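In the numbering used here, the protein residues as written are 2 to 358.
Now the structure itself:
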């Protein structure tokens, strides 16, 4: 498994797999990234600080992903529901949120409307409605599931319970969720409204909206802060009609059948009650995570420009970084901060010392 992780990181960072393997060994031995960047360049193949940090982050993510895959396979297997197809699907997933979507149908749930309906013995009826194969009248079929002892008093209650099961199954379908997220990332709009009638640093967001596809990281973080400080009420406006139409096309086989209306009812309920709230949380979490990463990169670039400013006005400066084993690093910059020359020397080596005398 480690070799697959090394290969994946090497491809992403466009470095050699041997560099990844050597660096991972240093990390696993307890060395910090600053120490590796400063003192182990010959081991890592001269990877930069930025490359090392990115490697470390991806290593942690991918190892966590593999650990979670093993755990999910074990949990599903314990339920007796693990199939070869499901195992392959889990193994091929490279995004943690998509992995959790695959596990969602098998995750132990609190008592929901669907679990209560299953306890009432309505799961077979939900399958009949979902697969749309039965030719007999649905209301006649539903009569067989009336059971006052379990709380099913009539055909309508039996059908309603079956639709609750279908709605939850739709919401738990990982393929549906993946497609819905893609719709949202392409077309959703974040809007914000003021919650207080007072001046603040968030006034530009008091009546604001912007597609998330074009929203820069600093605005995402600003809106998050405004929401946290209770100056803003934030909403993610999603392409609901397109999402519902997509689900209908995936599920309803014949719009003229006796099951079409009931399935449409279950689809709308599934989206509004189950899918929309959870998808909104996941998308906003993803947006925040990416915005924070981008903010760190921008801060790093700005800090670099500040650090590269001329240290002494109108003076040429030589910097000397002493080291014994790897040699002393020397750099010379002119009065504008432009690098004139860099060199590495070993002053304790007799032959090298003569060059400098």
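Here a beta-carbon is modelled for each residue, glycine too, at the ideal position from N, C-alpha and C.
All values derive from a computational prediction rather than experimental measurement.
Where the beta strand (DSSP E) through residue i begins and ends
| i | result |
| --- | --- |
| residue 195 | 190 to 195 |
| residue 94 | Counting along the chain, residue 94 falls outside any beta strand (DSSP E), and DSSP gives it neither H nor E. |
| residue 212 | 208 to 212 |
| residue 332 | 329 to 334 |
Range of the contiguous alpha helix (DSSP H) that encloses residue i
| i | result |
| --- | --- |
| residue 114 | 114 to 120 |
| residue 125 | 124 to 132 |
| residue 269 | 261 to 270 |
| residue 232 | Run containing residue 232: none; DSSP gives neither H nor E here. |
| residue 313 | First-last for residue 313: undefined, no H or E at that position. |
| residue 8 | 3 to 14 |
Best match in the options for proximity to residue i [C-alpha to C-alpha]
| i | options | result |
| --- | --- | --- |
| residue 155 | 163, 164 and 144 | 144 |
| residue 244 | 255, 234 and 265 | 265 |
| residue 340 | 303, 331 and 180 | 331 |
| residue 324 | 308, 257, 347 and 281 | 347 |
| residue 237 | 13, 280, 274 and 247 | 280 |
| residue 67 | 19, 124, 31 and 5 | 5 |
| residue 335 | 343, 320, 344 and 316 | 316 |
| residue 201 | 233, 344, 180 and 124 | 233 |
| residue 76 | 61, 107 and 148 | 107 |
| residue 328 | 320, 319, 349 and 337 | 349 |
| residue 139 | 148, 126 and 151 | 126 |
| residue 277 | 182, 40, 88 and 44 | 182 |
| residue 198 | 191, 192, 190 and 208 | 208 |
Residue i - DSSP class collapsed to helix/strand/coil
| i | result |
| --- | --- |
| residue 146 | coil |
| residue 277 | helix |
| residue 220 | helix |
| residue 215 | coil |
| residue 239 | coil |
| residue 326 | coil |
| residue 343 | strand |
| residue 205 | helix |
| residue 162 | helix |
| residue 31 | coil |
| residue 338 | coil |
| residue 227 | helix |
| residue 301 | helix |
**OP:** Decide if the stretch 166 to 185 is in contact with the stretch 96 to 116; the criterion is three or more beta carbon pairs, one per stretch, under 8 Å apart.
**Re:** yes
Original post:
Taking three-plus beta-carbon pairs below 8 Å as touching, is the stretch 171 to 189 in contact with the stretch 246 to 265?
Top reply: yes
Original post:
In the stretch 45 to 99, which residue ranges form an unbroken alpha helix (DSSP H) of at least 4 residues, counting only runs that do not cross its ends?
Top reply: 50 to 79 and 85 to 93
**OP:** Specify whether the stretch 39 to 54 and the stretch 78 to 85 touch according to this definition: at least 3 beta carbon pairs, one from each stretch, less than 8 Å apart.
**Re:** no
**OP:** Please determine if the stretch 186 to 195 and the stretch 214 to 228 are in contact, where contact requires at least 3 C-beta pairs separated by less than 8 Å.
**Re:** yes
Original post:
Does the count of Cβ pairs from the stretch 218 to 231 and the stretch 284 to 296 closer than 8 Å reach three?
Top reply: yes
Original post:
Just checking, does the stretch 128 to 136 make contact with the stretch 259 to 277 on the three C-beta pairs under 8 Å criterion?
Top reply: yes
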